[in-house]
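> Under this note's numbering, the letters of the sequence shown match residues 37 to 741, in that order. Beta carbons are placed, not taken as given, at the ideal position from N, Cα and C, and that holds for glycine. Got a structure for you, written out below as structure tokens; questions coming shortly.
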Amino acid sequence: MQLATMPLDRVPVVSLDLETTGLRARSDRIIQIGAISGGDELARFDVLVNPGVAIPAASTRIHGIDDAMVAEADALPLVLPRLRDHVAGNLILGFNIGFDLAVLEAEAERHGLDWGWSAALCLRQLATRLLGPEAMMILGDLEPLAAHFDVPVAARHTALGDAAITLSIFHRMLPSLAAQGIVTLGDAWREVAKLDDLRRANVTAGWIDVAAAHAAAQDHAPLARIDPYPYSHRIADLMLERPVILPPEATLASAAAAMNDSATDCVFVGADASRIAGLVSERDIVRQVCQPVSDATRVRQLPLGSIMSSPVITVGADDFMHVALGRMSRHDIRHLGVVDHGGTLVGWVSSRELVRQRVTSALVIGDRIASAGSAEELAAGLRMLPTLAASLRREAVAGHDIAAVISSQYRAALREAARLAEGRMQEDGAGQPPAEYALLMLGSAARGESLLAADQDHAILFADGATPQEDAANRQWFLALGGHISDILDAAGIPYCKGGVMSGRETWCRSLSGWRQAISGWVRRASPEDLLNVDIFFDFRLVHGSTVLAAQLQAAMSGRATRRGGFLKLLAHNVGGHGGGRTFLGGLRTENGRFNMKANLTLPLVETLRVLAISRGIAERGSAARAAALAIRDDIPPEVGRLGEDVAMVTRLVLRQQIADIAAGRPPSNLVELRTLSSAETGILKAISGRVTRLDTLLTDTLFG
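Quick look at the structure:
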């Protein structure tokens, strides 16, 4: 659940207040910062700041802070990064918070500091909508408002004291707000946006117009200045190849010689690339040779198995660079092994190669999901995805690349949900998995094309038992596991699949032989339901478990049976008939001004590329990759290559709309508001729609012409 759609009583909120040298937002300086979230002492931020200028006596008479009190305090450049981390991911609440945020923004610019915020709400504006402008003119300030809501006043005109009063008033206001239909943060934002006179006065005073800024909160997000490079380059593009592998009995001296000969700073220890036991780096060797000279000979003969770091932390070759950066940060290491889909070592990455990348909170989002210890921690990581997507979009990262990043995080969430579900099974007394199994991601996330309105699509494949009775018992165990996986994902914010495509359902939890039989039946019968199952299942991707089982199932899916002419004809017929969402007069058919991109464009385009890929035995999953692989073939019309561009364009427009909807407190969907499109975008959309109406003919000519 995103912040804007959360009920106000569940929004993670930090109440913030500043004491300053004056009331000029652009030129006065911060001398005290107070922030509080809840009653936890650890969640309080109370810091004096040396402003570097004299504090006027008039200001001192209000807050009691003079030059002597801040003489030994830290300057703002040392304080602001800590505040930024303290408020990250939370709603910033404040009385006249537009002033505080304007001061912080000016101070950050003055000192050349990175400062950003994801969401904010002004308590004064909220109270004005609740009580009315006339009542607020009488109440006026924070102290009378506190009295109105029976909130005790303490430590007034200190930053932390005023922040605490503000938070208490907010909590007291919640029942009255709910009674007026102001339930979610998005509701509150929409209401305060109606205060035109108050907002104009704030802007005139040089304050930030929080009521307007929330709609473009991504402009102030904590990730606003991230480098897009780590999110648009995969490990395979960056890794060092040909890793040096030595057996455990090899000596330290031989490792040093191998590093010198190969100009590398580490060697891997193991029998071969598929059986890596550890890693020895230059740092490990230095640590050992810092011994008395008398021990030099002994140290040179130390076996690598006795000094290696184990196990080797790895990333996949298809992972994005930010995953490696986050993993290095979390484990405090300098090297990562790079493995292929089968777990075989194919290379490594070193911090030396990534030294120009700054490891910040923005870069560890993926690893935060991958290391979550509960559904709540998963949810916290997933809540950061819209902000990440918005930041990448502003940095001009292509929409399909952003979709690939989002999809990789959904796969990481599914993988972590499986680990947590296994723990629940053990807590329930069911023990360890009774057989090898593979957890499969299905649908758009498997293709790398998922956006911000995802639901669950997953399946379980488990090894055949020795007897039918063992198979049946194993299936019951894995059905229970699948149920836990679905529950965990739903609690983390990825809702249950409305169509029931989840591994806790019998249709989507089978043994290897069971899946082979199911696939054979789908191809043989080719009923509408069977074709839908093929559509859902064909793009599966392993996210957890046995690579061998997944490879065996992939072989069954890509066998000749699925390329039979009759079956392909039925698949093509299933794709045909899409009207591209056109009206009788050639316009785009809308629902309340919105065009259904998924139903009218995405589905027929993706399905067409899938059918053509099946017909030519192409193993690529993503639509763009399928289009590229098809386009170079002599037996494929050149317009097929353009379909990948069409999918990318649709993805970009849907992503932009989803980001805007989330910022406005609306749930993301696949419906795009046509009035937000430029004339050029509308023209392109109509052209894509026209091509969709001709997909039926394209498929028929390509497959059977």
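Could you name the residues of the same chain whose beta carbon sits closer than 8 Å to that of Leu604, not counting the 5 residues immediately before and after it, in chain order?
Residue mapping note: residue 604 aligns to position 568 of the sequence shown, counting from 1. Cβ within range, chain order: Val647, Ile650, Ser651 and Leu739.
> Just how far apart, CA to CA, sit Cys533 and Asp491?
Taking the sequence shown and counting its residues from 1, one reaches residue 533 at position 497. Taking the sequence shown and counting its residues from 1, one reaches residue 491 at position 455. Roughly 5 Å separates the two Cα atoms.
> Taking three-plus beta-carbon pairs below 8 Å as touching, is the segment 54-69 in contact with the segment 95-108?
Yes, since at least three Cβ pairs between the segment 54-69 and the segment 95-108 fall closer than 8 Å, the two stretches touch.
> Measuring only the C-alpha atoms, how far is Glu463 from Gly550?
Residue numbering aside, residue 463 sits at position 427 when the sequence shown is read from its first letter. Residue numbering aside, residue 550 sits at position 514 when the sequence shown is read from its first letter. Rounded to whole angstroms, Glu463 to Gly550 spans 29 Å at the Cα level.
> Hey, Met364 and Pro266 are a contact pair by Cβ (cut 8 Å); roughly how many whole angstroms apart?
For this step, residue 364 is matched to residue 328 along the sequence shown. For this step, residue 266 is matched to residue 230 along the sequence shown. Contact flag wrong, Cβ pair sits at about 12 Å.
> Near Phe514, which residues of its chain fall below 7 Å by C-beta distance, leaving aside the five closest residues on each side in sequence?
By one-based count along the sequence shown, residue 514 stands at place 478. Here the set comprises Tyr473, Ile496, Phe498 and Cys545.
> Give the straight-line distance between the Cα atoms of Ala440 and Ala700, rounded to the nearest whole angstrom.
On the sequence shown, position 404 is the one that residue 440 refers to. On the sequence shown, position 664 is the one that residue 700 refers to. The straight-line gap from Cα to Cα measures roughly 24 Å.
> Give a yes or no on whether 8 Å exceeds the smallest Cβ distance from Arg625 to chain B.
Among the chains in the structure shown there is no chain B, since it carries only a single protein chain.
> Are Val280 and Phe304 closer than 8 Å when you measure CB to CB?
Sequence index remark: in the sequence shown, residue 280 carries index 244 (1-based). Sequence index remark: in the sequence shown, residue 304 carries index 268 (1-based). Their beta carbons are under 8 Å apart, which means Val280 touches Phe304 by this criterion.
> Can you tell me whether Phe573 is helix, strand or coil according to DSSP?
To locate residue 573, count along the sequence shown from 1; it is residue 537. Three-state DSSP puts Phe573 in a helix.
> So, at 6 Å on beta carbons, what are the nonlocal neighbours of Glu643 in its own chain, with the 5 sequence-adjacent residues on each side left out?
In the sequence shown, counting from the first residue as 1, residue 643 sits at position 607. Cβ neighbours of Glu643 beyond the five flanking positions: Val611.
> Rounding to the nearest angstrom, what Cα-Cα distance links Ala94 and Val106 in this structure?
Locating residue 94 in the sequence shown gives position 58, counting from the first residue. Locating residue 106 in the sequence shown gives position 70, counting from the first residue. Distance between the alpha carbons of Ala94 and Val106: 16 Å.
> Quick one, which of Gly540, Ser51, Leu166 and Leu487 has its alpha-carbon nearest Asp223's?
Locating residue 223 in the sequence shown gives position 187, counting from the first residue. Looking at the Cα atoms, Leu166 is the closest of the given residues.
> Flag this pair as yes or no: are the beta carbons of Pro531 and Thr41 separated by less than 8 Å?
On the sequence shown, position 495 is the one that residue 531 refers to. On the sequence shown, position 5 is the one that residue 41 refers to. No; because the gap between Cβ atoms is not below 8 Å, this pair is not in contact.
> According to DSSP, is Leu475 helix, strand or coil?
By one-based count along the sequence shown, residue 475 stands at place 439. In this structure, Leu475 counts as strand in the three-state DSSP scheme.
> So the beta strand (DSSP E) Gln68 belongs to, where does it begin and stop?
Position 32 of the sequence shown holds residue 68. From DSSP, the beta strand (DSSP E) with Gln68 extends over Ile66 to Ile72.
> For the 8 Å Cβ check, are there 3 or more pairs between the segment 662-682 and the segment 519-529?
Output reads no: the segment 519-529 does not touch the segment 662-682.
> If you measure between the beta carbons of Leu129 and Leu221, is that distance less than 8 Å?
As a working mapping, residue 129 is identified with position 93 in the sequence shown. As a working mapping, residue 221 is identified with position 185 in the sequence shown. Not a contact, by the Cβ cut-off of 8 Å.
> In whole angstroms, what separates the C-alpha of Ile11 from that of Gly306?
In the structure as shown, the chain begins at 37 and stops at 741. Residue 11 is therefore absent and cannot be evaluated.
> With three or more beta-carbon pairs closer than 8 Å as the criterion, would you say the segment 442-457 touches the segment 475-485?
In short, these stretches touch, since the Cβ pair count reaches three.
> Among the residues of its own chain, which have a CB less than 7 Å from the CB of Asp45, if the five just before and after it don't count?
Indexing the sequence shown from 1 puts residue 45 at position 9. Closer than 7 Å at Cβ, skipping near neighbours: Leu210.
> What are the boundary residues of the beta strand (DSSP E) that Thr240 is part of?
On the sequence shown, position 204 is the one that residue 240 refers to. It is not in any beta strand (DSSP E) - Thr240 instead sits in the alpha helix (DSSP H) that spans Asp232 to Thr240.
> I'd like the span of the beta strand (DSSP E) that includes Trp384, first residue to last.
Here residue 384 refers to the residue found at position 348 when the sequence shown is read from its first residue. Element bounds for Trp384: Leu381 to Ser386.
> Mapping DSSP to helix, strand and coil, what is Pro412?
The residue you call residue 412 lines up with position 376 of the sequence shown. First, the amino acid is wrong: residue 412 is Glu here, not Pro. The answer is helix: DSSP assigns Glu412 an H, G or I state.
> In whole angstroms, what is the alpha-carbon distance linking Asp354 and Leu585?
If you number the sequence shown from 1, residue 354 lands on position 318. If you number the sequence shown from 1, residue 585 lands on position 549. Distance between the alpha carbons of Asp354 and Leu585: 20 Å.
> Find out if the Cβ-Cβ distance for the pair Ala408, Leu340 is shorter than 8 Å.
For the purposes of this step, residue 408 is identified with residue 372 of the sequence shown, where counting begins at 1. For the purposes of this step, residue 340 is identified with residue 304 of the sequence shown, where counting begins at 1. Taking 8 Å as the Cβ cut-off, Ala408 and Leu340 do not qualify as a contacting pair.
> Please find out if some non-hydrogen atom of the ligand HEM comes closer than 7 Å to the beta-carbon of Met538.
This structure simply doesn't include the ligand HEM, nor any ligand for that matter.
> Among the residues of its own chain, which have a CB less than 6 Å from the CB of Glu285, if the five just before and after it don't count?
For the purposes of this step, residue 285 is identified with residue 249 of the sequence shown, where counting begins at 1. Closer than 6 Å at Cβ, skipping near neighbours: Pro339.
> Taking C-beta to C-beta, are Val85 and Leu112 nearer than 8 Å?
As a working note, residue 85 is residue 49 in the sequence shown. As a working note, residue 112 is residue 76 in the sequence shown. Yes, the Cβ-Cβ distance between Val85 and Leu112 is below 8 Å.
> With 16 as the cutoff for other CB atoms within 10 Å, does Met173 come out buried or exposed?
Looking up residue 173 in the sequence shown gives position 137. That one is exposed.
> If we ignore side chains and look at the alpha-carbon of each, how far apart do Asn569 and Ser539 end up?
Here residue 569 refers to the residue found at position 533 when the sequence shown is read from its first residue. Here residue 539 refers to the residue found at position 503 when the sequence shown is read from its first residue. Cα to Cα, the separation comes out at about 14 Å.
> Assuming Arg80 contacts Leu196 (C-beta within less than 8 Å), just tell me the rounded distance between them.
As a position in the sequence shown, residue 80 is number 44, starting the count at 1. As a position in the sequence shown, residue 196 is number 160, starting the count at 1. Going by Cβ atoms, the distance from Arg80 to Leu196 rounds to 7 Å, so yes, they are a contact pair.
> Using 8 Å as the threshold, is the C-beta distance between Ala457 and Leu517 below it?
If you number the sequence shown from 1, residue 457 lands on position 421. If you number the sequence shown from 1, residue 517 lands on position 481. Yes. Within cutoff.
> With burial defined as no fewer than 16 other Cβ atoms inside 10 Å of the residue's Cβ, what is the status of Cys161: buried or exposed?
The residue given as residue 161 occupies position 125 in the sequence shown. The amino acid occupying residue 161 in the given sequence is Gln; Cys does not appear at that position. Per the 10 Å Cβ criterion, buried.
> Asn706: buried (16+ other C-beta within 10 angstroms of its C-beta) or exposed?
Position 670 of the sequence shown, counted from the first residue, corresponds to residue 706. With 16 or more Cβ atoms within 10 Å of its Cβ, Asn706 is classed as buried.
> For Thr396, which residues from the same chain have a beta carbon less than 6 Å from its beta carbon, with the 5 sequence-adjacent residues on both sides left out?
Translated into the one-based positions of the sequence shown, residue 396 becomes position 360. Note that Thr396 scores a pLDDT of 46, beneath 50, so its modelled location is shaky and nothing firm can be said.
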